[in-house]
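> Numbering (our numbering), first residue to last: 40 to 219.
Structure, rendered in C-alpha cells:
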C-alpha cells in the first residue's frame with residue numbers, strides 16, 4: 040500500500056487531534072478572594088433583639104445578638120466568647136454551649152452589614168434544686184475588646200452547676216447594608 044505525503048500529513052494531524060482531545064485541558068480557576076482583615080472592634084456595634092418573644096416559652100428565654108460592621112469589609116471568628124454580668128458588674132457563672140456542627144472558622148462581614156447569633160437559656164425554676172442569676176449585661180469579646188449591651192433576664196440552672204447558655208455560631212444576615 041502506497042502512502043502519499045498528503046495522506047501521511049493528514050494522518051499525523053488526525054493523530055495529534057486525537058492526542059489533544061484525550062489530554063485534559065485545565066480551565067483557568069479564579070483565585071479565591073483575599074481574606075478580609077480582622078474587624079476593628081471600635082467599628083462594630085452590638086444590639087439585642089428578642090424578636091417579639093420568639094425565643095420565649097415553655098420555661099425558655101433568649102435573644103438574638105447582632106453585630107453590625109460600621110467599617111470596611113472585615114472578618115470575625117464564627118464563635119466569639121460571650122459572658123453575662125449582673126448589675127454590679129460581676130461575671131455570672133454561665134457556661135456557653137454550642138451544638139457540634141460544621142461551621143466556618145471565620146465569617147466575612149461586609150461594610151454596613153451585620154452578623155447574628157442566638158442565645159437561649161432556661162427562664163423558669165424547672166430543676167429539683169434551682170439556682171438563678173439576674174443578668175444585666177451581655178459582653179461579646181472581639182479581640183482584646185468587649186462589645187456590650189444591656190440585657191434584663193433571669194436565668195436558671197441546677198444548683199451546684201454553671202448555668203447553661205446555648206448559642207449558635209455567628210451567621211451573616213441577608214439584606215441591604217445600613218448607612219454607616
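All C-beta atoms, glycine included, are put in the ideal place defined by N, C-alpha and C.
Keep in mind that this is a model prediction, so the values were computed, not measured.
Which word fits residue 100, buried or exposed, when buried means at least 16 other C-beta atoms lie within 10 angstroms of its C-beta?
It counts as buried.
> Using the Cα positions of residue 135 and residue 118, report the straight-line distance between them to the nearest angstrom.
Approximately 10 Å, taken between the alpha carbons.
> For residue 126 and residue 78, I'd like the C-alpha separation in whole angstroms.
Between residue 126 and residue 78, the C-alpha separation is close to 29 Å.
> Taking residue 186 as the reference, give the member of 94, 120, 91 and 193 with the closest Cα.
Looking at the Cα atoms, 120 is the closest of the given residues.
> Given 8 Å as the limit, is there contact between the stretch 187 to 198 and the stretch 81 to 88, that is, 3 or more CB pairs closer than that?
The answer is yes - the stretch 81 to 88 touches the stretch 187 to 198, with three or more Cβ pairs under 8 Å.
> Using 8 Å as the Cβ pair cut-off and three pairs as the minimum, do the stretch 194 to 214 and the stretch 132 to 147 touch?
As far as the Cβ criterion goes, the stretch 194 to 214 touches the stretch 132 to 147, which means the pair count is three or higher.
> Under the DSSP definition of a beta bridge, which residues are partnered with residue 195?
Per DSSP, 171.
> For a test of the three-state rule: what should DSSP assign to residue 233, helix, strand or coil?
The structure shown does not extend to residue 233, since the chain is modelled only from 40 to 219, so the question has no answer here.
> Which residues in the same chain have their Cβ closer than 8 Å to the Cβ of residue 203, if we skip the five residues on either side of it in sequence?
Contacts found: 133, 134, 136, 160, 161 and 196.
> Is DSSP giving residue 189 helix, strand or coil here?
Three-state DSSP puts residue 189 in a strand.
> On a Cα-Cα basis, can you pick out the residue from 145, 170, 169 and 168 that is closest to residue 113?
The option with the nearest alpha carbon to residue 113 is 145.
> Provide the residue(s) that pair with residue 133 in DSSP beta bridges, ordered along the chain.
In the DSSP output, where bridge partners are listed per residue, residue 133 has 202.
> Let me make sure I understand the geometry here. Which of 174, 213, 102 and 175 has the alpha-carbon closest to that of residue 91?
Of the listed residues, the one whose Cα sits closest to residue 91 is 102.
> Which residue wins for smallest C-alpha separation from residue 75, given the options 165, 212 and 115?
For residue 75, the nearest C-alpha among the options comes from 115.
> For the putative contact between residue 209 and residue 175, defined by C-beta atoms under 8 Å, what is the C-beta separation to the nearest angstrom?
Residue 209 to residue 175, Cβ: 23 Å. No contact.
> Within 10 Å of its beta-carbon, does residue 172 have 16 or more other beta-carbons around it, so buried, or fewer, so exposed?
Residue 172 comes out buried.
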